[in-house]
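Sequence positions in the sequence shown follow this note's numbering and run 30 to 441. The block underneath contains the structure these notes are about, expressed in structure tokens.
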Amino acid sequence: MRPFRHLLIGSFVFLLLTACTEEAPKEQPRGPEHRLAAKNSKTSLLPQFVEVSIPNLRLRSTPDLEGAVLERLALESVVEYLNDSTNFTTLVEMGGEDRYEHWYKVRSSNGNEGWVYGGCIKFLTERENLRFQSIKESQAPIPLSKKKEIDPMEQAQMNRFGELLKKISIQKKSAFEEAIQYYEGMFPNRKAAASDWALAKLVAFQQQVHSYWVDRLPSSKFQAHLAELKRYGSVDMQQNASLRELDQLYLAFALGPKGELLLVPNIDKFQRRVYRIAPANGRIFLDLYAQDIEEPVLKDGEIIRPITELAARLISWDKFLLRLPDYELKDWIEEQKSLYLRALLQGTANRPAFAGQPKRLEDDFQLAYKNLLEQMGEASLILKMQPYVEVLAQENYIYNERVRAAQAKVYE
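Following this line, the structure appears as structure tokens:
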């Protein structure tokens with residue numbers, strides 16, 4: 030009986046590559062029995078905290094690998110455990126070993142509430158919990174950062190940096206490397222305002238360089254590396270002259286939504302170069318910016334990721350500008366927000382928000398709105414979305430004049 034029992038149990042186990050990244054599972058789960066209800070285990074009144082033990086841990090909207098990514102949590106960041114975990118485990122292959130772990134509900138410092146895989150966190154000791162609880166209780170609301178006057182010496186350095194960037198031709202393969210070297214040499218110990226300004230200029234220059242070269246280096250030229258990318262998640266960029274050239278240009282490969290090979294900016298390499306000297310606000314920006322580049326929610330005007338992820342990305346940028354209304358890259362962020370908001374409210378050609386006759390809000394948009402209101406904390410756009418969602422529910426999610434008017438107020 031024992032071999033048969035093992036065979037029976039094995040038939041319900043689905044091997045997954047990872048719960049903490051975006052890699053595809055070895056076999057997709059099927060049927061409702063694979064998504065069990067979470068159990069409440071609220072046995073402690075004292076808050077508990079957990080530390081993230083891997084880089085870019087995905088905070089998901091639901092306790093499974095299919096849950097939309099609300100946020101990427103940094104290595105060693107600390108989040109609050111909400112005394113809620115699943116009564117089932119997920120089998121995941123991590124570091125060559127099979128792990129059976131529960132999912133845990135947490136709240137990030139950005140206010141997002143979601144689920145993380147147990148194999149990627151560690152609970153803090155009682156002493157550490159008390160320390161973080163005292164920090165949390167003593168924290169006052171974060172005031173809005175106001176734009177400060179820049180002294181003449183800082184202004185002179187900023188002007189010099191801007192002039193140097195203008196002299197670099199984006200047609201040079203070493204253009205971006207030169208720009209980074211200037212940034213490293215001129216802004217390692219500067220005040221935050223000057224460093225933020227310089228980082229904004231550097232990011233804008235990076236966008237120009239990459240736009241120029243991506244248009245001239247079609248990804249079809251590198252399709253031979255698709256198998257390596259799918260197997261290992263990345264490509265060794267030092268194995269031949271063509272790839273070393275891409276690496277020099279700060280370009281890399283990524284998988285598209287349909288499993289195709291894409292040529293994209295190597296934001297990971299860029300971050301490693303500038304993160305250590307970037308100011309605190311700049312680091313927050315770089316984390317959000319990297320996710321937008323590495324895991325885009327829109328491509329060629331179409332939604333390519335779950336609608337909840339689109340909503341989460343929009344709210345993250347909204348919170349950033351709420352805290353830093355005069356940030357140097359405000360115009361770029363506002364443009365991103367505008368694109369995301371229009372897609373969230375109206376959808377795109379491949380995924381319209383309203384469909385059918387009469388036009389009714391699609392289920393995945395309804396779910397995204399629900400997650401936005403319940404799991405993403407506080408933000409100005411969340412306050413604007415609340416009355417719109419209420420009107421939608423009152424109208425049974427059917428598009429009409431009343432819904433149109435409520436939707437228009439969200440744009441105001």
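Each residue gets a CB set at the ideal place from its N, CA and C atoms; glycine is no exception. In this text the structure is predicted, and so the values were computed from the model without any measurement.
- In the DSSP annotation of this structure, the continuous segment of the alpha helix (DSSP H) that includes Pro416 starts and ends at 409-423.
- By the beta-carbon neighbour count (other beta carbons within 10 angstroms, threshold 16), Asp180 is exposed.
- Spanning the alpha carbons of Glu178 and Met215 requires a straight line of approximately 19 Å.
- For Glu80, the enclosing beta strand (DSSP E) covers residues 77-81.
- According to the DSSP assignment, Met123 belongs to the beta strand (DSSP E) that extends over 119-123.
- The Cβ-Cβ distance between Pro354 and Asp225 does not fall below 8 Å.
- Beta-carbon to beta-carbon, Arg334 and Glu324 are separated by about 7 Å, close enough to satisfy the 8 Å threshold.
- Under the DSSP assignment, Phe190 falls in the alpha helix (DSSP H) whose first and last residues are 181-196.
- Comparing alpha carbon positions, the residue from His131, Gln423, Arg302 closest to Pro217 is Arg302.
- In this chain, Glu357 is not harboured by any beta strand (DSSP E), its DSSP state being neither H nor E.
- As the crow flies, the alpha-carbon of Glu206 is around 20 Å from that of Phe314.
- C-alpha of Leu290 to C-alpha of Ala256: approximately 9 Å in a straight line.
- Taking C-alpha positions only, Phe282 is separated from Asn112 by approximately 40 Å.
- The alpha-carbon of Phe190 is positioned some 39 Å away from that of Val439.
- CA-CA distance, Gln375 to Ala185, rounds to 46 Å.
- Distance from the CA of Asp276 to the CA of Glu192, rounded to the nearest whole angstrom, comes to 26 Å.
- Taking the Cα of Lys134 as reference, the smallest distance to any Cα among Ala208, Tyr110, Arg128 is reached at Tyr110.
- Assignment of beta-bridge partners to Leu390 by DSSP yields Phe383.
- Beyond the five residues adjoining it in sequence on each side, Glu213 comes within less than 8 Å, by CB distance, of Arg302, Val303, Ile306 in the same chain, given in chain order.
- One Cα belongs to Ala422, the other to Gln386, and the distance between them is close to 18 Å.
- Residue environment: Pro247 is assigned as exposed (fewer than 16 neighbouring CB atoms within 10 Å of its CB, all protein chains considered).
- Put simply, the backbone Cα of His239 is about 12 Å away from that of Ile322.
- Under the three-state reduction of DSSP output, Thr115 falls in the strand class.
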